[in-house]
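For the sequence shown, counting from 1, position 12 maps to 305 in the working numbering; every step adds exactly one.
Here a beta-carbon is modelled for each residue, glycine too, at the ideal position from N, C-alpha and C.
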Amino acid sequence: MPERYEYPPTEFDPQPRRARATGQRRRYFPLLLGLAAFVAIADHVSKKFITHRLPVGRSHTVIPGILNITHVLNTGAAFSFLADTASPDLVLRGLILFSVAAVLIVGVMLIRSCNCLSLTCIALALILGGAVGNLYDRIVYHYVIDFIGFHIGPYHWPDFNFADSAIVIGACLLMIEIIRPQPEPRS
Numbered sequence: 294m295p296e297r298y299e300y301p302p303t304e305f306d307p308q309p310r311r312a313r314a315t316g317q318r319r320r321y322f323p324l325l326l327g328l329a330a331f332v333a334i335a336d337h338v339s340k341k342f343i344t345h346r347l348p349v350g351r352s353h354t355v356i357p358g359i360l361n362i363t364h365v366l367n368t369g370a371a372f373s374f375l376a377d378t379a380s381p382d383l384v385l386r387g388l389i390l391f392s393v394a395a396v397l398i399v400g401v402m403l404i405r406s407c408n409c410l411s412l413t414c415i416a417l418a419l420i421l422g423g424a425v426g427n428l429y430d431r432i433v434y435h436y437v438i439d440f441i442g443f444h445i446g447p448y449h450w451p452d453f454n455f456a457d458s459a460i461v462i463g464a465c466l467l468m469i470e471i472i473r474p475q476p477e478p479r480s
């Protein structure tokens with residue numbers, strides 16, 4: 294029986310492209326997942342450090358007039374939004390549900406669209422790690438531990454944590470990616 298000749302793939306054959314993308318995804322996905330895990334673990338370790346070193350409500354000045362470390366328990370959302378509500382259990386359940394949905398959506402986006410180390414993929418990994426870090430706090434403690442207090446003179450930014458920083462940096466990277474002009478496709 295004669296040997297069957299295999300023709301090399303052409304650029305019109307979608308299968309090799311799909312195989313390449315899957316191979317690349319397998320190649321870079323562990324790095325992106327590692328970045329998300331690093332953010333979540335660093336957030337957890339920093340919160341444990343603050344919890345063991347500084348009583349709730351106490352503050353330590355790092356840079357006078359600019360940066361304080363203050364142990365704060367945030368029962369609300371970002372910037373303590375909804376912290377003083379009449380039904381804290383309902384708010385907690387809503388925030389946990391929202392956080393789980395965010396983790397799932399960002400995780401799926403990371404899996405489906407990140408076949409390289411693009412700015413978008415790095416941003417999604419940062420957001421995923423930050424969301425997991427804060428979700429852990431909400432589930433285990435029913436509040437999020439915040440400790441970074443930034444202020445300039447009388448202007449005070451609400452206290453935040455490492456996870457919040459990663460989420461904001463990730464969101465800024467996504468905005469840069471959206472605003473930045475895209476290169477012309479090669480013909």
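8 Å CB neighbourhood of residue i in its chain, flanking five on each side removed
i: residue 470; result: 411, 412, 413, 416
i: residue 355; result: 361, 362
i: residue 396; result: 421, 424, 425, 428
i: residue 331; result: 422
i: residue 459; result: 332, 336, 419, 420, 422, 423, 426
i: residue 435; result: 368, 385
i: residue 344; result: 364, 438
i: residue 321; result: 407, 408, 409, 410, 414
Residues that residue i bridges to, as DSSP identifies them
i: residue 356; result: 360
i: residue 430; result: Answer is none; residue 430 lacks a bridge partner.
i: residue 439; result: 365
i: residue 445; result: 448
i: residue 453; result: 441
Expected contact under 8 Å - CB spacing of residue i and residue j to nearest Å
i: residue 441; j: residue 454; result: 6 Å
i: residue 445; j: residue 359; result: 6 Å
i: residue 389; j: residue 431; result: 5 Å
i: residue 366; j: residue 349; result: 6 Å
7 Å Cβ shell around residue i - same chain, five flanking residues per side excluded
i: residue 382; result: none
i: residue 334; result: none
i: residue 477; result: none
i: residue 450; result: 443, 444
DSSP state of residue i mapped onto helix, strand, coil
i: residue 321; result: helix
i: residue 349; result: coil
i: residue 392; result: helix
i: residue 411; result: coil
i: residue 386; result: helix
i: residue 477; result: coil
Minimum Cβ-Cβ distance from residue i to chain B less than 8 Å
i: residue 386; result: No chain B appears in this structure, which consists of one protein chain only.
Chain-order list of residues whose beta-carbon lies under 6 Å from that of residue i (same chain, five-residue window excluded)
i: residue 466; result: 412, 416
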